[in-house]
Structures are given as structure tokens and as C-alpha cells.
Amino acid sequence: MSGNPKSPNENRQLVIVFGLLVALIVAGSALLFLSRPEPVTITINPPLPSVTPLPTNTPGPLQIYVTGAVAQPGIVIALPAGSRVEDAIAAAGGALGTANLEAVNLAALLRDGDQIHVPEQDAAPAVLATTSGGELVPINSASLEEIDTLPGIGPALAQRIIDYREANGAFTSLEDLDEVDGIGPELLSQLADMITFD
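In terms of the numbering used here, the sequence shown is residues 1 to 198.
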């Protein structure tokens, strides 16, 4: 004889229990799946650029000191912004017949406070005495050896100064000299009282 047959009531209870277990498993899985947090998209807006007011002042006249082989040497003239060396020489009465205009870059733009010196044709490179007893080095006509005597400048930098001068014309200010690779603000401040743009 076989074992105890189960009554239909017991079978029904097993089916119900089994069905409830399956339903609980399905419901639990669905709950876990649906309750996962959704990814949150974070949008970072770049900061707004700061507003810098544009300069509204118009540049005033440039004050230029003109010396050398011109009709009225040693005067300070006022020229409009955008003027060139040629304009400064004309405002000083023009160049004399003995002026060496090839030594001056007539097309160079002027800056406020520039000094323009027009040398004579047969003049030797000017070396002016300073108040400290030393000599100013004429950066636009000095040789490599003369430029090399300046503090902070060795033969390589002296050659770069000469190369820049030959490629771009005469220096008219310290700002022009600052364009040479290897010269920075500290060296410029050392050189300011030791060179001339004659």
C-alpha cells in the first residue's frame, strides 16, 4: 500500500501557499526594481563673465621730446595719438640737411613720453655722461661689446638686441626693448638709467 493519500483540501492549501510564495517573490522583485533611485542629472552652469567697463576716455595728445638734427631741437611737442616719428620730426621744424634719417625709424608709432633723437650724418655714436659718473649706452647704435657691458646682459642677449634692432628698426622706448626675448621688467628697470635711445 502506498503512503497516505493527500486530500484535495491539502492539495489546495499547498497550491495556495505555493501561489502566495510566487506572488511574494514577484512583488518583492518588482518593488526592488521599481524602487531603485533614478540617476539625477546635475547641470552646472558656467559662471557668468564679469563685466569690465570699456575705457571711455579718449587718449589725449602725446608729449614727445625731439632733439638732434632738427630745425627746433630740444622742444616738447604735442601730437595726436597714432602719430609716427616722421610727424614728430615735422612738428619740430623738419630735419636739417645734415640729419641721418636712415638711423631713425620714421614709421615707428609714438607713445606718450617718447624721446626722438635725429643724429647727424657724420656723428659718432653718442655716449652721454650720467649723473653717477658712468656712461649711457646708445642702444640703437652700440656694438655687441658695448651692449655686453650693461649689467644682466651677456653676449647672447646683446646679440638678440642687435638682431631685433636690425629687423625692427631703432628702439624708441623701454617698451620697445621689452619686446626682445630675455628682457623682462626687472632687467628693464636696471637698464632705464644706463641706456639712451639716441
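Cβ atoms here follow ideal geometry from the backbone N, Cα and C, with glycine treated the same way. Fair warning: this is a prediction, and the values are worked out from it, not measured in the lab.
Closer than 6 Å by C-beta to residue i: which residues in its own chain qualify, once you throw out the five before and the five after it? Chain order, please.
i: residue 203; result: Any property of residue 203 remains undetermined from this structure, which presents the chain solely from 1 to 198.
i: residue 148; result: 155, 158
i: residue 178; result: 188
Please list, in chain order, all residues of the same chain as residue i whose beta carbon is under 7 Å from its beta carbon, the five residues on each side excluded.
i: residue 95; result: 69, 70, 89, 101, 118
i: residue 75; result: 66, 92
i: residue 72; result: 92, 93
i: residue 182; result: 157, 160
i: residue 77; result: 64, 66, 88, 91, 92
i: residue 114; result: 64, 172, 173
Kindly identify the DSSP beta-bridge partner or partners of residue i.
i: residue 63; result: 78
i: residue 230; result: The requested residue 230 does not occur in the structure, where the chain is confined to residues 1 to 198.
i: residue 195; result: 137
i: residue 99; result: 120
Looking only at its own chain, which residues have a Cβ that is under 8 Å from the Cβ of residue i, when we skip the five neighbours before and after it?
i: residue 80; result: 61, 62
i: residue 180; result: 157, 160, 161, 164
i: residue 87; result: 79, 110
i: residue 174; result: 188, 191, 192
According to DSSP, is residue i part of a helix, a strand, or is it coil?
i: residue 44; result: coil
i: residue 116; result: strand
i: residue 68; result: strand
i: residue 174; result: helix
i: residue 12; result: helix
i: residue 165; result: helix
i: residue 130; result: The pLDDT assigned to residue 130 is 35, lower than 50, so where the model puts this residue is not dependable, and the model offers no usable value.
i: residue 125; result: Only weak support exists for where residue 125 lies, its pLDDT of 44 falling under 50; the coordinates are left without a value.
i: residue 84; result: strand
i: residue 110; result: coil
i: residue 148; result: helix
i: residue 185; result: helix
i: residue 199; result: Residue 199 is absent from the structure shown; the chain starts at 1 and stops at 198.
i: residue 29; result: helix
i: residue 17; result: helix
i: residue 91; result: helix
The segment 142-158 contacting the segment 102-111, beta-carbon criterion three pairs below 8 Å: The way I'd put it, the segment 142-158 doesn't touch the segment 102-111; fewer than three beta-carbon pairs between them come closer than 8 Å.
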